[in-house]
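Quick mapping for you: the protein sequence lines, in order, are chains R and B.
Quick note on the working numbering: the first sequence kicks off at 35 and runs consecutively.
Quick note on the working numbering: the second sequence kicks off at 35 and runs consecutively.
From the three backbone atoms N, C-alpha and C, an ideal C-beta is built for every residue, glycine too.
Source: prediction; values computed, not measured.
Worksheet for the structure shown next.
There are 2 protein chains.
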Amino acid sequence: MSDSQKHYHVVDLLKNRWSPRAMSGESLEHEELLTLFEAARWAPSSYNHQPWRFVYATRTMPEWEMFLNLMVPFNREWAQNAAVALLVLSHKIFEYNNTFSRTHSFDTGAATQNLALQGFAMDLVVHGIEGFDYDKARIECEVPDSYDIQAMFVVGKKGPVTVLPLELQKREIPSDRLKTEELIFKGKFGVKD
Amino acid sequence: MSDSQKHYHVVDLLKNRWSPRAMSGESLEHEELLTLFEAARWAPSSYNHQPWRFVYATRTMPEWEMFLNLMVPFNREWAQNAAVALLVLSHKIFEYNNTFSRTHSFDTGAATQNLALQGFAMDLVVHGIEGFDYDKARIECEVPDSYDIQAMFVVGKKGPVTVLPLELQKREIPSDRLKTEELIFKGKFGVKD
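See below:
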């Protein structure tokens, strides 16, 4: 392979990462959890605002059941085998001048993708969840008004696919994606090559 | 290093990526640009909705000046040496049931982080921009109402720091970050170890 050709490959970590659901129910070591947050920390953000915040519960904490109960039953069923559940928050306000940040959600998505990639590199399951009660989460986790709730994530050690309900066992493979050319436009929205 | 210890390191790509501004003014090969979008493509999203879209202009396209002119003068000054400018959009509506997506911004942040990481791995400059005219961008790039504009990004070949204004030369180093413990809470917002 020539030196220039090697630049045309998508980095394996980015290409291979996916979001399994089958977890073993084991705990993580605290250092493992901190490593995930450390990865999130290095994402870029507008004015280096770093709006991302994570409220977490491990399966041995008293808040664990509360976190699980925020989820719709479909998600609770597989997520109960996670080691940690996270509520992902974004600070809507720039701290340096007290104005609204346009990119707090977007930037927090970047940080959480770092976390997901790090988890994949550590052979962990990292899976995002939107099917939960956002309003109840705000109350139970005492989230201030100046923070938006973006998503929940669960992280756990990999488990055998048989821990999943039959219907989910069939879906325990990486999802396909739209074609690259469906995502890009030239100069104006809708304009293709 | 033991097998378990190696899991406690943040992946180099995640830790080392940063957002320089000094670019050479050279163009990218089209295949390089497509590789960046290909990396974005593999991000996770709620219901695999893949809300991210990218409107791009390369420096040889007629739209190049229009893209540069969306930026505030501070950003235009260094961004003019980029090879490509991107307008990053997110589809607010789930296509499968025509309802609002709560995570379109967040998911698009994840995809764009993949793009930024891929660019860094390819030794390119990838730099996000929030200092531009969002309303004008919507009109000029004909962005439909069902899409939000998240950010602009520029991508280019690295250049010598001397292409930057003196003030920016001093800032051409990776920014620091908040400490990990400032980002995380235990069970409830604000609760620390």
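{"Query": "Interface flag, B:Ile207 vs chain R, CB-CB below 9 Å", "Result": "no"}
{"Query": "Separation of B:Val195 from B:Trp112, as counted between CA atoms", "Result": "11 Å"}
{"Query": "Proximity winner among B:Asp167, B:Met156, B:Asn132, B:Phe223, relative to R:Ile173 (alpha-carbon distances)", "Result": "B:Phe223"}
{"Query": "Nonlocal neighbours in the same chain, by C-beta distance under 8 Å from R:Asp37, ignoring five residues either side", "Result": "In this predicted model, R:Asp37 has a pLDDT of only 44, less than 50, meaning its place in the structure is not dependable enough to derive any value."}
{"Query": "Limits of the unbroken beta strand (DSSP E) element including R:Ile207", "Result": "Here R:Ile207 belongs to no beta strand (DSSP E), and DSSP marks it neither H nor E."}
{"Query": "Nonlocal neighbours in the same chain, by C-beta distance under 6 Å from B:Tyr181, ignoring five residues either side", "Result": "Leu123, His125"}
{"Query": "Cβ neighbour criterion (16 or more within 10 Å) applied to R:Pro208", "Result": "exposed"}
{"Query": "Residues that R:Gln184 contacts on chain B, provided the C-beta gap is smaller than 7 Å", "Result": "Thr137, Phe140"}
{"Query": "Simplified DSSP state of B:Trp86, which is helix, strand or coil", "Result": "strand"}
{"Query": "C-alpha distance - B:Tyr90 paired with B:Pro96, whole-angstrom precision", "Result": "11 Å"}
{"Query": "Nearest-angstrom Cα separation, counted from B:Phe219 out to R:Arg211", "Result": "34 Å"}
{"Query": "Separation of R:Ser79 from R:Leu68, as counted between CA atoms", "Result": "20 Å"}
{"Query": "6 Å Cβ shell around R:Trp52 - same chain, five flanking residues per side excluded", "Result": "Pro208"}
{"Query": "Classification of B:Asn132 by the beta-carbon crowding that lies within 10 angstroms, buried from 16 upward", "Result": "exposed"}
{"Query": "Test item: CB-CB of R:Met100 and B:Gly221 under 9 Å", "Result": "yes"}
{"Query": "Chain R contact for B:His41 (CB, 9 Å cutoff)", "Result": "Any reading at B:His41 is ruled out, since the residue's pLDDT is 44, under 50, leaving its predicted position unreliable."}
{"Query": "Bridge partners - R:Ser180, DSSP secondary structure assignment", "Result": "Beta-bridge pairing links R:Ser180 to no other residue."}
{"Query": "Limits of the unbroken alpha helix (DSSP H) element including R:Ile173", "Result": "168-174"}
{"Query": "Beta-carbon separation (whole angstroms), B:Ala117 vs B:Thr142, contact threshold 8 Å", "Result": "B:Ala117 to B:Thr142, Cβ: 22 Å. No contact."}
{"Query": "C-beta contact flag for B:Phe140 and B:Ile163 at 9 Å", "Result": "no"}
{"Query": "Segment contact, 8 Å Cβ cut-off, at least three pairs: the region 48-64 of chain B with the region 151-161 of chain B", "Result": "yes"}
{"Query": "CB contact below 9 Å: R:Val122 versus chain B", "Result": "yes"}
{"Query": "Length of the line joining the Cα atoms of B:Leu217 and R:Asp227", "Result": "43 Å"}
{"Query": "DSSP bridge partner residues for B:Ala91 (one or two, in chain order)", "Result": "B:Ala119"}
{"Query": "Cα-Cα separation, R:Ala144 to R:Tyr42", "Result": "22 Å"}
{"Query": "R:Phe223 (DSSP reduced to helix, strand or coil)", "Result": "coil"}
{"Query": "Interface flag, B:Leu104 vs chain R, CB-CB below 9 Å", "Result": "no"}
{"Query": "Cross-chain neighbours of B:Ser80 in chain R, by beta carbon under 8 Å", "Result": "Gly162, Glu164, Ala185"}
{"Query": "Residue of B:Glu176, B:Phe108, B:Tyr81 minimising C-alpha distance to B:Leu200", "Result": "B:Phe108"}
{"Query": "Best match in R:Leu102, R:Val225, R:Val189 for proximity to R:Glu66 [C-alpha to C-alpha]", "Result": "R:Val189"}
{"Query": "Delimiting residues of the beta strand (DSSP E) encompassing B:Gly162", "Result": "158-163"}
{"Query": "Spatially closest choice to R:Asn50 from R:Ala119, R:Lys191, R:Ala155, R:Phe88, by CA coordinates", "Result": "R:Ala155"}
{"Query": "Alpha-carbon spacing of B:Asp46 relative to R:Glu72, whole angstroms", "Result": "12 Å"}
{"Query": "R:Gly143 (DSSP reduced to helix, strand or coil)", "Result": "helix"}
{"Query": "Contact set between B:Gln203 and chain R, taken where Cβ atoms lie within less than 7 Å", "Result": "Here the premise fails: no neighbours, minimum Cβ distance about 18 Å."}
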